[in-house]
Every structure is written in C-alpha cells, then in structure tokens.
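Written out below as structure tokens is the structure these notes cover.
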Amino acid sequence: MPPQPLAFFRGEFLPLADAKVGIATHALHYGTAVFEGIRANWNEDDSTLYIFRPREHYERLLRGCQILRMDIPYSVDDLCRLSAELVERSGYHDDLYIRPLAFKSTERVANLKLHELDAELTIMTVPLGAYLDVEAVARCCTSSWRRMEDTMIPTGLKISGLYVNSILAKTEAVLAGFDEAILLNQDGHVAEGSGENIFMVQDGRLFTPPITDNVLPGITRDTIMKMAKSELGIETEERSIRRSELYLADEVFMTGTAAHLTPVGEIDNMKIGSGAWGPIATELRSLYFDVIRGRNAKYLDWCMPVRAKVSA
Ligand code: PMP
Numbered sequence: 010m011p012p013q014p015l016a017f018f019r020g021e022f023l024p025l026a027d028a029k030v031g032i033a034t035h036a037l038h039y040g041t042a043v044f045e046g047i048r049a050n051w052n053e054d055d056s057t058l059y060i061f062r063p064r065e066h067y068e069r070l071l072r073g074c075q076i077l078r079m080d081i082p083y084s085v086d087d088l089c090r091l092s093a094e095l096v097e098r099s100g101y102h103d104d105l106y107i108r109p110l111a112f113k114s115t116e117r118v119a120n121l122k123l124h125e126l127d128a129e130l131t132i133m134t135v136p137l138g139a140y141l142d143v144e145a146v147a148r149c150c151t152s153s154w155r156r157m158e159d160t161m162i163p164t165g166l167k168i169s170g171l172y173v174n175s176i177l178a179k180t181e182a183v184l185a186g187f188d189e190a191i192l193l194n195q196d197g198h199v200a201e202g203s204g205e206n207i208f209m210v211q212d213g214r215l216f217t218p219p220i221t222d223n224v225l226p227g228i229t230r231d232t233i234m235k236m237a238k239s240e241l242g243i244e245t246e247e248r249s250i251r252r253s254e255l256y257l258a259d260e261v262f263m264t265g266t267a268a269h270l271t272p273v274g275e276i277d278n279m280k281i282g283s284g285a286w287g288p289i290a291t292e293l294r295s296l297y298f299d300v301i302r303g304r305n306a307k308y309l310d311w312c313m314p315v316r317a318k319v320s321a
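To convert, take the position in the sequence shown, counting from 1, and add 9; that gives this note's numbering.
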C-alpha cells in the first residue's frame, strides 16, 4: 500500500478520509477538545522515524483531559504505543506530524455541562515539512490580539477553543505581510508566538517568559532550555519580558514542535540584532536537529524509534 495519512479512530486504524464525526458533536460547536502536536522525524541514515518526546506530549494531553473532565481509557504508555503503530502503518519515509485529539463526542447541542458529556480519543498522522521557513529569519509583528489569561481558559494546555486566539493573531499577521505574530499578555508582557514560545538573548544571557505569564509550557522550550544548559553552559532565566526589550535584544528566536527553532529577524519593522541568524540560535538549532532525528546518543531517551517498512 502507498503511504497515506491515517487515523486511529474508535479503536481502528483507518485512512484519514474515513474517520468522520457527526455535525452535532459537542467539540465542533464549543471547542471542547484538547490536542497535541508531535513530530516523528525521518532519519535517512538508519531508515528510522524518531517520535520526539511523546511521553511529555501525552502527559500534557492527559492534563488537558483532566481539566475538561474527559475519561480516556489510555495511559501515556498506551498512547505512545498507538502513535508508533500509526506511524509505522502509515508507511511514510518522511517527517510526520502526529495529532492526537481528545474531544467531547456527545452529539448534543445546548449542553454546557462537561460532566454530562462523553469523550473520545483519536490520533491522526500526516506528512509535515517545515512550518516556518527553517533557513530564513522570521518577520514578526506585535499582535493587536492579547494572549488569553489562565483566568479565562487554562493557558498551559492545548485546549482547542483557546486556539481561536492564536488563529486570529496568526491570520492578522500573515494578511499584514508578516510571517508570525507575537502576543502580549494582559499585563503587556511578551507571552509567545501564535504557535511558538519565545526566547531572547542579551549579552550572552538567555531569557524566556515564565509559565505564569500565560505561555504554553512548550516541550521544545524545555528541550532548548535543557540543551542550552548542558551543551552551552547557559542557564535560561525565566522572567517577564517587555516588548521594547525584544526590539533591543541581540537575538530573538521562537521554538515549537511545528516551527522547530526559528530566529526572528524583525519585529514591527525593527531589525533584531544583525537581522540574521545569531550565534546562539545557530548553535542551538544544529544541536536540536541532531537530537530530534536520533543522532545524538546522549538524548536518545527523548526519541521513540519506529523502523520504516522495507517495502515503501
Ligand atoms: N505556544 C503555543 C500557543 C503553541 O501552540 C505551541 C505549539 N504546541 C507552542 C507554544 C510550542 O509548544 P511545543 O514546543 O510543545 O510544541
């Protein structure tokens, strides 16, 4: 069979196009779902796909299920195993995106009581190359939209309804000719990109906003912080960042599963540092790309290998 996007849906592995829900599904109306974005990275040298940090992604997903009162009959281990099987069955020899989604599946509208609604879990996988251009520097704008507050919808989880905020910001930025939006929080501090965390380098020091500034606790953020410490000897300082500090930084870069590590060359038409790849972003990126493709023995614990089928 040729490679194809697949879904694990209602206990079966199906072509993605055959996995369907009814239009009265609660999550479709109200965003009552929680999702993850995981990458499986293709390594040509050993014909293996490496799923990167699936445990951490599924731990975050299950925290979201807890908040949305969803009983999902799968453990983190089960979800990792199902993802590996899905990747293997899909037959791709290419970078893949794995999208688990736990959703309120009851087909009933006009009910806002989480405890009365059933939940289901599906996982799908599709090919995904670069999300932002991985060689270029990004041109960003400060969004006119503010990042949601944890007092409105929990911001530390990938709750579907929360993403209308990111989508409004990203759309506004792209239609205005930028690559990405930077959202401030209600206090006016820098929060994050529409789908990425943000870092700033100043005088050799590395800064990123704390989780309490309503940013997603990104798994790439955590990866970069750990690698900066162990490989470059740089401890990341988590503290609130003002917009003007970004303008004056030596380097700014964004991190996320889809976006990898992307340097920011311009914000609001102001050049950041030299406007090109900075030394710290360059070094971290090359380490990061080796790590996510299973090429760095020290970090193999973060990678779940899935051998490619010989036939594809
Ligand atoms: N912030 C937001 C709003 C995101 O959607 C993402 C992507 N999941 C990130 C940050 C980065 O998180 P991670 O590194 O876990 O992909």
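The beta carbon of each residue, even a glycine, is placed where N, CA and C say it ideally should be.
Remember, it's a predicted structure, so these values are computed and weren't measured experimentally.
- Counting along the chain, no beta strand (DSSP E) covers E68; the unbroken alpha helix (DSSP H) around it starts and ends at 63 to 76.
- In terms of side-chain proximity, the C-beta atom of T229 is found nearer than 6 Å to a non-hydrogen atom of the ligand PMP.
- The secondary-structure analysis by DSSP pairs H269 across a beta bridge with G265.
- Under the DSSP definition of a beta bridge, L37 lacks any partner.
- Here the alpha carbons of A267 and R48 stand approximately 7 Å from one another.
- For T34, the shortest C-beta to heavy atom distance toward the ligand PMP is 6 Å or greater.
- If you check the CB distance, M279 and I250 do not come in under 7 Å.
- Taking R148 as the centre and dropping the five residues before and after it, the same chain places the C-beta of F187, D188, E275 closer than 6 Å to its C-beta, in chain order.
- Cα atoms of T232 and E21: separation of roughly 33 Å, rounded to the nearest angstrom.
- Judged by pairs of C-beta atoms under 8 Å, the stretch 113 to 130 does not touch the stretch 167 to 185, as fewer than three such pairs exist.
- Scanning M157, M263, M161 for the CA closest to the CA of I176 turns up M157.
- With contacts defined by Cβ atoms closer than 7 Å, T134 and V183 do not form a contacting pair.
- Exposure of L121 is indicated by the presence of fewer than 16 other C-beta atoms within 10 angstroms of its C-beta.
- In this structure, A111 lies near I81, with their beta-carbon atoms less than 7 Å apart.
- By the Cβ criterion, the stretch 113 to 120 is not in contact with the stretch 52 to 70, since fewer than three pairs of Cβ atoms, one from each stretch, lie closer than 8 Å.
- Between T131 and A33, the C-beta spacing is not below 7 Å.
- For the pair P163 and I76, the CB atoms are nearer than the 7 Å cut-off.
- For the set P63, K113, H38, the Cα lying nearest the Cα of T229 is the one of P63.
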